[in-house]
Amino acid sequence: MIENLESNYDCAHAGLDLHQLKEELNDLRISMIPGSLVHNEKVNRLENQIRFIENKCSIHHGESGSL
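Take the sequence shown: its letters are residues 19 to 85, numbered as in our numbering.
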């Protein structure tokens, strides 16, 4: 998980960062107990970070709702 995403985020890192965040999200969905507060907070944070980078760097995959 990336600690702080700022408005000055460098999109040159987007490919690697998105790959890492999506892997972390998939691992989290497999390894943790769904529905727990900790699980939900981590999933939400990762999803928000992914959306932030995609929006900031204009990355659109045409996949609605699939993170």
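Idealized CB from N, CA, C, for every residue including glycine. Quick caveat: nothing in here was measured; it's all calculated off a predicted structure.
Discussion item. To the nearest angstrom, how far is the alpha carbon of PRO52 from that of SER25?
Written reply: Position 34 of the sequence shown holds residue 52. Position 7 of the sequence shown holds residue 25. Looking at the two C-alpha atoms, the distance is approximately 31 angstroms.
Practice prompt. Measure how close the beta-carbons of CYS29 and LYS60 come, nearest whole angstrom, since I'm counting them as under 8 angstroms.
Written response: Position 11 of the sequence shown, counting from 1, holds the residue named residue 29. Position 42 of the sequence shown, counting from 1, holds the residue named residue 60. Rounded, the Cβ-Cβ distance is 24 angstroms, inconsistent with contact.
Fill in: Inter-residue spacing [alpha-carbon to alpha-carbon] between ILE68 and LEU39
Locating residue 68 in the sequence shown gives position 50, counting from the first residue. Locating residue 39 in the sequence shown gives position 21, counting from the first residue. Between ILE68 and LEU39, the C-alpha separation is close to 7 angstroms.
Worksheet item: Ends of the alpha helix (DSSP H) at ASN62?
Response: Translated into positions along the sequence shown, residue 62 becomes position 44. Per DSSP, ASN62 belongs to the alpha helix (DSSP H) from 55 to 74.
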